[in-house]
Amino acid sequence: MMTDIEYEVLDELYFVISYSDLKEQTGIDEKDLKHCLMELMEKKWIVCFKSISEELPIENVNLGEGFKNYFYLASKKGLFAHNKT
95 MMTDIEYEVL DELYFVISYS DLKEQTGIDE KDLKHCLMEL MEKKWIVCFK SISEELPIEN
155 VNLGEGFKNY FYLASKKGLF AHNKT
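Quick note, the working numbering runs 94 ahead of the 1-based positions in the sequence shown.
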């Protein structure tokens with residue numbers, strides 16, 4: 095099941111986007127956006143990048159502390175879930 099906020103966030107993740115741009119595009123407050131990103135990561139619906147072109151292995155991602163420093167992209171699984179809704 096996908097929440098409205100998850101749908102809105104995934105809608106912005108068809109291309110790699112920085113946290114600050116994602117926050118600006120969605121207008122979601124920091125606490126809710128962080129929670130959503132953590133949920134999406136747990137579902138494996140997103141991947142994180144260190145830079146615009148450098149994907150991070152999932153074991154190197156620490157959304158608890160570093161979520162503002164990452165770039166985000168919907169995973170294939172996330173795109174399928176988004177398009178089913």
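Built from N, CA and C at the ideal position, the CB exists for glycine as well.
What residue does the alpha helix (DSSP H) around LYS170 start on, and which one ends it?
Segment 170-178, the alpha helix (DSSP H) holding LYS170.
Please report the Cβ distance between LEU104 and TRP139, rounded to the nearest whole angstrom; I am assuming they are in contact, meaning their Cβ atoms lie under 8 Å.
7 Å
Note the first and the last residue of the continuous beta strand (DSSP E) segment covering LYS137.
Element bounds for LYS137: n/a, residue is neither H nor E.
Alpha carbon to alpha carbon, what distance is there between ALA175 and SER38?
Nothing can be reported for residue 38, as the shown portion of the chain is limited to 95 through 179.
Taking its Cβ as the centre, do 16 or more other Cβ atoms sit within 10 Å of MET135, making it buried, or is it exposed?
buried
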